[in-house]
Amino acid sequence: MKMLKRISAILLVGMFLFSVAGCHPKDEIAVTVGNEKFTSAYYMCSLIYADMEARQKVDEAKADDENADAAETDYYAEKIDKTDFSKWVKNRALEMLKEIAAYKTKCSEEKLTLSEEEKNNAEMYASYYWSNYGYAQLFEPNGVSEATFKKYMTDASYANLYFDHLYGKEGTKALSDETVAQTMQEKFLLANQLEVTFSEETDEEKAAKKAQLDGYVTALQKGTRTFEEIYHEFNGNEHQEDAEAETEADDGTLKPINEHAAVLGAEDTSYASENFETAKAMAVGEVKLIEKADNAGYTLVVKLDLAADPYYVDQLDSAVRHLIADEAYEKDMQDFAKTLKFSAKKSAIDQFKVKKIVYPTANGQ
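Quick note on numbering: the sequence shown equals residues 203 to 567 in the numbering used here.
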């Protein structure tokens with residue numbers, strides 16, 4: 203599952219454009235793992251992800267090293283886990299294919315199939331990013347079509363399908379409700395927030411904003427105004443009517459009790475927030491104005507009761523289960539992947555050179 207998280211994080215942050223020299227016959231089988239066959243284009247998809255992951259690892263290592271050279275990085279001169287950069291990328295690309303094959307094989311053994319909704323969601327997600335976030339420019343120059351990209355992203359869904367089969371609410375290794383609830387309370391919280399970030403404001407303007415937020419804090423503490431009221435005032439919607447929240451929509455789906463609430467997560471979650479530790483120490487209902495680092499602004503926080511809002515409890519259930527079980531799950535799947543018969547067509551994968559991956563400037567030149 204970490205593989206999937208890294209893929210999403212790298213693409214959303216980077217959005218690099220690049221091309222690779224070389225060509226390959228359409229639908230040529232490059233790698234076979236167990237009963238799963240992967241085309242050259244599919245392998246190229248994996249190689250791209252592996253290269254980006256490797257670059258991110260190098261960048262993170264340099265960011266943590268005070269003695270690292272600030273000059274432009276020569277990635278190919280670097281090592282990852284004592285392995286030459288290019289070799290690590292090639293190894294990682296094949297490892298990703300083995301992982302995908304392992305997930306799909308386990309699902310096949312358990313007769314688990316993606317629902318039409320899951321398939322459609324995966325394809326819509328892929329299509330959206332292909333068209334709206336530059337993925338077409340990222341993959342097409344490398345011989346990866348939108349159809350291949352969609353297949354890759356759809357196949358990635360099998361990882362979550364099998365995870366739910368094991369660790370979901372009714373899974374064969376289902377986690378106890380107590381364990382899930384405890385971890386949710388430790389790693390997440392719910393809060394109403396108003397945020398002000400300073401850029402070029404004068405000292406007078408900063409003081410005025412702080413005074414406004416201080417006034418909101420006082421009003422909320424005294425109970426003379428609701429968060430709903432100040433939320434709309436703060437956002438320029440003074441005439442918005444205060445509506446009672448409902449926990450269930452007309453179609454039976456859950457709705458949040460606290461419409462404007464935000465989930466704040468610990469550092470090791472996908473909801474990581476700089477205000478998490480401060481807010482966690484607050485009591486439910488407590489109001490606090492938190493100053494950002496370097497006088498960069500303020501966040502007004504009203505801590506809410508996460509456990510009392512079924513919508514957010516349901517929304518966070520999967521994330522919590524992954525936090526608890528991912529490490530064991532990934533280890534088991536990696537071990538299983540090693541048992542699958544592997545073969546690669548040397549001419550098909552060797553035509554793709556890591557050093558041929560080119561990252562042009564943002565304007566494509």
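Even glycine gets a Cβ: it sits at the ideal position worked out from N, Cα and C.
If we call anything under 7 angstroms between Cβ atoms a contact, is residue i one with residue j?
{"i": "Asn523", "j": "Leu392", "result": "In the sequence under discussion, the amino acid at residue 523 is Arg, which differs from the Asn named in the question. It is not a contact, given that the beta carbons lie outside the stated cut-off."}
{"i": "Ser550", "j": "Ala232", "result": "Note that residue 550 is Ala in the sequence shown here, rather than Ser. It is a contact, given that the beta carbons lie within the stated cut-off."}
{"i": "Ala304", "j": "Met355", "result": "no"}
{"i": "Gly345", "j": "Met254", "result": "no"}
{"i": "Val235", "j": "Lys300", "result": "yes"}
{"i": "Ser359", "j": "Met298", "result": "no"}
{"i": "Ala463", "j": "Phe478", "result": "no"}
{"i": "Tyr513", "j": "Leu422", "result": "no"}
{"i": "Tyr277", "j": "Val260", "result": "yes"}
{"i": "Gln395", "j": "Thr501", "result": "yes"}
{"i": "Thr385", "j": "Ile526", "result": "yes"}
{"i": "Lys543", "j": "Thr471", "result": "no"}
{"i": "Trp332", "j": "Glu348", "result": "yes"}
{"i": "Lys505", "j": "Met535", "result": "no"}
Is residue i helix, strand or coil by DSSP?
{"i": "Gly417", "result": "helix"}
{"i": "Asp286", "result": "strand"}
{"i": "Ala483", "result": "coil"}
{"i": "Tyr500", "result": "strand"}
{"i": "Lys188", "result": "Since the first residue of the chain shown is 203 and the last is 567, residue 188 is not available in this structure."}
{"i": "Lys353", "result": "helix"}
{"i": "Leu391", "result": "strand"}
{"i": "Ala270", "result": "coil"}
{"i": "Leu249", "result": "helix"}
{"i": "Val522", "result": "helix"}
{"i": "Leu296", "result": "helix"}
{"i": "Phe554", "result": "coil"}
{"i": "Ala324", "result": "helix"}
{"i": "Val346", "result": "coil"}
{"i": "Leu456", "result": "strand"}
{"i": "Ala376", "result": "coil"}
{"i": "Lys424", "result": "helix"}
{"i": "Ser317", "result": "coil"}
{"i": "Glu312", "result": "coil"}
{"i": "Ile559", "result": "coil"}
{"i": "Lys540", "result": "coil"}
{"i": "Tyr335", "result": "coil"}
{"i": "Thr307", "result": "helix"}
Just tell me which of the options has its CA closest to the CA of residue i.
{"i": "Val503", "options": "Ala510, Asp511, Asn497, Ile492", "result": "Ile492"}
{"i": "Asp507", "options": "Thr404, Asn460, Asp516", "result": "Asn460"}
{"i": "Leu296", "options": "Lys548, Lys533, Asp283", "result": "Lys548"}
{"i": "Val515", "options": "Ala495, Gly487, Asp379", "result": "Asp379"}
{"i": "Val382", "options": "Thr241, Asp537, Ala521, Arg427", "result": "Ala521"}
{"i": "Asn322", "options": "Asp357, Asp511, Glu388, Pro343", "result": "Asp357"}
{"i": "Thr541", "options": "Lys281, Thr307, Lys558", "result": "Thr307"}
{"i": "Asn437", "options": "Thr404, Leu415, Pro458, Gln553", "result": "Leu415"}
{"i": "Thr241", "options": "Pro458, Ile559, Ser545", "result": "Ser545"}
{"i": "Val398", "options": "Glu430, Lys411, Asn293, Glu406", "result": "Lys411"}
{"i": "Glu532", "options": "Glu280, Ile302, Ile250, Thr404", "result": "Ile302"}
Could you check how far apart the C-beta atoms of residue i and residue j are, in whole angstroms? I think they sit under 8 angstroms.
{"i": "Val419", "j": "Val489", "result": "5 angstroms"}
{"i": "Lys264", "j": "Ala256", "result": "In fact, because the Cβ distance is near 13 angstroms, the residues do not count as touching under 8 angstroms."}
{"i": "Leu518", "j": "Val465", "result": "7 angstroms"}
{"i": "Tyr369", "j": "Cys309", "result": "Incorrect: roughly 14 angstroms between the Cβ atoms, too far for contact."}
{"i": "Ala474", "j": "Phe400", "result": "Going by Cβ atoms, the distance from Ala474 to Phe400 rounds to 22 angstroms, so no, they are not a contact pair."}
{"i": "Tyr337", "j": "Phe351", "result": "7 angstroms"}
{"i": "Glu312", "j": "His367", "result": "6 angstroms"}
{"i": "Gln387", "j": "Ala509", "result": "7 angstroms"}
{"i": "Ala252", "j": "Arg294", "result": "4 angstroms"}
What residues match up with residue i in a beta bridge as DSSP calls it?
{"i": "Ile492", "result": "Thr501"}
{"i": "Ser545", "result": "Thr234"}
{"i": "Ala464", "result": "Ala393"}
{"i": "Val260", "result": "Its beta-bridge partners do not exist; DSSP assigns none."}
{"i": "Thr399", "result": "Gly499"}
{"i": "Met241", "result": "Note that residue 241 is Thr in the sequence shown, not Met. Ile231."}
{"i": "Leu506", "result": "Leu392"}
{"i": "Thr281", "result": "Note that residue 281 is Lys in the sequence shown, not Thr. The partner list for Lys281 (beta bridge, DSSP) reads Asp286."}
{"i": "Ala474", "result": "Gly467"}
With a threshold of 6 angstroms, establish whether the CB of residue i neighbours any heavy atom of the ligand MG.
{"i": "Ser549", "result": "Inclusion of the ligand MG in the displayed structure is not the case, the ligand content being empty and no account of it being possible."}
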